[in-house]
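Line order of the protein sequences matches chains H and X. Using the working numbering, read the first sequence as starting at 1 and increasing by one per residue. Using the working numbering, read the second sequence as starting at 1001 and increasing by one per residue. Ideal placement from N, C-alpha and C gives every residue a C-beta, glycine not left out.
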Amino acid sequence: MIAGPVAQFWSEFRVNRVAVVALAIVATIVVLSLVAPWITPQNPYDMAGLRLADARRPPGFVSPRTGITHWLGTDGQGRDVLSAILYGLRVSIEIGLSAGIIAFSLGVTLGTFAAYLGGRIEALIMRFIDLQLSFPAILLALVLAAVLGQGKWQLVAALVTAQYAYFARTAHGAAATERSKDYVEAALSTPLKPHVVVLRHILPNCMPPLIVVATVQVANSIALEATLSFLGLGLPVSEPSLGMLIANGFQYLLSGRYWISIYPGIALIVLIASINLVGDQVRDQLNPRLRR
Amino acid sequence: MLGFIIQRLLQAVVVMMIISVLVFCGVYAVGNPIDVLISPDATQQIREEAIRTYGLDQPLWKQYLDFVGRLVQGDFGRSFVFGSPVLPLILSRLPATLELTLVAVVGATLVGVPLGMYAGYKPDSLAARAIMGISILGFSVPTFWIGLVLIFIFAVQFGILPAGSRGETRELFGISWSVLTANGWQHLFLPALNLALFKFAMMVRLARAGTREIMLTDTVKFARAAGESEATILRRHVLRLIAIPIVTVFGLEFGSTLAFAVVTETIFSWPGVGKLIIDSINTLDRPVMVAYLMLVAFFFILVNLTIDIVYVALDPRLRLRAAS
């Protein structure tokens, strides 16, 4: 039977049950967060809809005012924690994905073209990348988030700056290997424009390691965003992401009201751990050294 | 060898200069510090005086040159908020961060390496799977959330460990340390555990991968043929061979742990450098931010330089290449 690369990939992926479950969880979380406005009992960003009398209620509390059952309790402003988690997931995924995609494009462009150009420019770019990688990403993001101020795109910019270097180095390593191969020389000897050769011939062969880095980095940027928001350097308070929900619940945690912090945290961990598990399996499948 | 070291030193100096420009420009793009420093209803005269005192009336390049000039003399300027020189301020907070980081990294290594070696020695056993499961959790769970859970379990629910501050300290060489008192250890335990979990996960993975690889080599076959016990083989051969990457990562990670201490110190109100930097970011205390970033950069470059030189000293192949 002749199978396409995707079908073949899937048939290998399917063998690892844990990874399949993890993939299903990621997909479920993404879908749930996408349809959040239609399935949540409450819009957590609509301050007018919140009742302060319903604040800090434990899980399972049924509000006599709104008739909503708060399965995971309510927070300090009477926000339904379950609704806030689903909306927060939306924000976290949106930011993690945007940062991942932009960092991917930027880093891969820089890395492949450095490898293609070679010489001094390559040395200069890669030296800079190495320099940046020797600096902890969290510090970089922290300072940038502080410098750029609060806001969704400022946060994405901080995350991208902290992460594009990983893509650049991986892309450079892979592209430099491909660059020296005969098929690239052959393609370059045809009238094809160099950038076409880079895009159509070099880049597709660099994808396997890049896909692995991409899964890890999306998980990382979700975690980083949560950390920054927790430290008060992320999003504005009007649109709480998971990190901010956890931060808001911190003060109540000390008086035993665990649900405000703990449940958003569990949602965050399930998402990150699932992405990492999928990433682990993808890495094992794409790693030529582990292939039999 | 000497030529190589000099070349590397020069490179490090150039890198340090580039970083100083980036840090200076980056940090000085934040808001207007004058608004933070003096009340909005201060007279124009007071405003201008404050601007002059802090040198904020000079053009940016002049401010930078002054900054570098003072830096070379070890003067990092005065904190806008505390009004005291920055360097002593940071140095006074450093012992708290250092002891927290050291306890976390050493603890993670001492527990993580043996467990990782076991997981690599018997990769299919139930215990090995459990160890790897914990290490995946250690990678996935954000540090700050683990901190919250630790506080909730140990401080709130059971009330057996304190949730913040350094506790009792004792002086040694004129510096106060928490590790010298029993009460200090109680306060240190939770933040150190929090900071150690990520490093622990990493050490487990490193040790496991190394052990799996080395168990298949001829070294181990010969040792077995010579009748050595499995424990001796693990201790005498495997541990020594995996020690090289582990020591490297230990050195590199020590730096990034210092950086991650920012999060842990904030949660546990541990009065270290990380807490200081978060506070100074929130109050836009530029001299403190700049000094902290410069010190971290200096530290990282120093570590990288040392690793490069040690490698060349240890590996004959690199020594030949460096000589040519």
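Cβ-Cβ distance between residue i and residue j below 9 Å
i: residue 95 of chain H; j: residue 1149 of chain X; result: no
i: residue 1265 of chain X; j: residue 1255 of chain X; result: no
i: residue 275 of chain H; j: residue 219 of chain H; result: yes
i: residue 1128 of chain X; j: residue 1118 of chain X; result: yes
i: residue 1248 of chain X; j: residue 1195 of chain X; result: no
i: residue 33 of chain H; j: residue 86 of chain H; result: yes
i: residue 1307 of chain X; j: residue 1015 of chain X; result: no
i: residue 93 of chain H; j: residue 1260 of chain X; result: no
i: residue 1024 of chain X; j: residue 1147 of chain X; result: no
i: residue 123 of chain H; j: residue 234 of chain H; result: no
i: residue 245 of chain H; j: residue 75 of chain H; result: yes
i: residue 50 of chain H; j: residue 77 of chain H; result: yes
i: residue 1204 of chain X; j: residue 1112 of chain X; result: yes
i: residue 217 of chain H; j: residue 167 of chain H; result: yes
i: residue 159 of chain H; j: residue 99 of chain H; result: yes
i: residue 46 of chain H; j: residue 70 of chain H; result: no
i: residue 259 of chain H; j: residue 44 of chain H; result: no
i: residue 169 of chain H; j: residue 111 of chain H; result: yes
i: residue 231 of chain H; j: residue 22 of chain H; result: no
i: residue 29 of chain H; j: residue 106 of chain H; result: no
i: residue 243 of chain H; j: residue 228 of chain H; result: yes
Under 9 Å from the C-beta of residue i: neighbouring residues of chain H
i: residue 1266 of chain X; result: 230, 231
i: residue 1270 of chain X; result: What residue 1270 of chain X touches in chain H: nothing, since even the nearest Cβ is about 14 Å away.
i: residue 1206 of chain X; result: Ordered by position in chain H, no residue passes the 9 Å Cβ test against residue 1206 of chain X, which lies about 16 Å from the chain.
i: residue 1136 of chain X; result: 273, 276, 277, 280
i: residue 963 of chain X; result: The structure shown does not extend to residue 963 of chain X, since chain X is modelled only from 1001 to 1324, so the question has no answer here.
i: residue 1200 of chain X; result: Residues of chain H passing the Cβ test: none, with the nearest at roughly 16 Å.
Rounded distance between the beta-carbons of residue j and residue i, thought under 8 Å
i: residue 108 of chain H; j: residue 171 of chain H; result: 4 Å
i: residue 1290 of chain X; j: residue 1276 of chain X; result: Incorrect: roughly 13 Å between the Cβ atoms, too far for contact.
i: residue 188 of chain H; j: residue 197 of chain H; result: 6 Å
i: residue 143 of chain H; j: residue 1293 of chain X; result: 7 Å
i: residue 37 of chain H; j: residue 80 of chain H; result: Contact flag wrong, Cβ pair sits at about 13 Å.
i: residue 1074 of chain X; j: residue 1087 of chain X; result: 7 Å
i: residue 1246 of chain X; j: residue 1207 of chain X; result: 7 Å
i: residue 1286 of chain X; j: residue 1154 of chain X; result: Not quite, the Cβ-Cβ distance comes to about 37 Å (not below 8 Å), so this is no contact.
i: residue 1200 of chain X; j: residue 1161 of chain X; result: The pair is not a contact, with the Cβ atoms about 19 Å apart (cut-off 8 Å).
i: residue 1237 of chain X; j: residue 1223 of chain X; result: 6 Å
i: residue 1115 of chain X; j: residue 1131 of chain X; result: 5 Å
DSSP bridge partner residues for residue i (one or two, in chain order)
i: residue 61 of chain H; result: H:70
i: residue 1085 of chain X; result: X:1078
i: residue 280 of chain H; result: None; residue 280 of chain H has no bridge partner.
i: residue 80 of chain H; result: H:74
Cβ-based burial, residue i [other Cβ within 10 Å; buried from 16]
i: residue 27 of chain H; result: exposed
i: residue 1 of chain H; result: The predicted position of residue 1 of chain H is uncertain, since its pLDDT is 49 and thus under 50; a value taken from the coordinates is nonetheless stated next. Burial call: exposed.
i: residue 292 of chain H; result: Because the pLDDT of residue 292 of chain H is 44, which lies under 50, any placement of that residue in the model is unreliable, and the number read from its coordinates should be weighed accordingly. It counts as exposed.
i: residue 1140 of chain X; result: buried
i: residue 1017 of chain X; result: exposed
i: residue 1099 of chain X; result: buried
i: residue 129 of chain H; result: buried
i: residue 1296 of chain X; result: buried
i: residue 104 of chain H; result: buried
i: residue 1163 of chain X; result: buried
i: residue 1221 of chain X; result: exposed
i: residue 282 of chain H; result: buried
i: residue 1312 of chain X; result: buried
i: residue 1250 of chain X; result: buried
i: residue 15 of chain H; result: exposed
i: residue 1061 of chain X; result: exposed
Contacts of residue i in chain H (Cβ-Cβ under 7 Å)
i: residue 1256 of chain X; result: 136
i: residue 970 of chain X; result: Residue coverage of chain X in this structure runs from 1001 to 1324, which leaves residue 970 of chain X outside it and unanswerable.
i: residue 1142 of chain X; result: 223, 226, 227, 268
i: residue 1026 of chain X; result: 143, 147
i: residue 1089 of chain X; result: The contacting residues do not exist; residue 1089 of chain X stays about 18 Å from chain H at best.
i: residue 1278 of chain X; result: 231
Chain X residues whose Cβ lies nearer than 7 Å to that of residue i
i: residue 166 of chain H; result: Per Cβ cutoff of 7 Å: no residues; residue 166 of chain H is ~14 Å from chain X at best.
i: residue 258 of chain H; result: 1152
Contact set between residue i and chain X, taken where Cβ atoms lie within less than 9 Å
i: residue 261 of chain H; result: 1145, 1148, 1149, 1152
i: residue 246 of chain H; result: 1142, 1144, 1145, 1148
i: residue 254 of chain H; result: 1151, 1152, 1155, 1156, 1163
Neighbour list for residue i in chain H, Cβ cutoff strictly below 8 Å
i: residue 1293 of chain X; result: 139, 143
i: residue 1242 of chain X; result: None at all; the shortest Cβ gap to chain H is about 18 Å.
i: residue 1297 of chain X; result: 135
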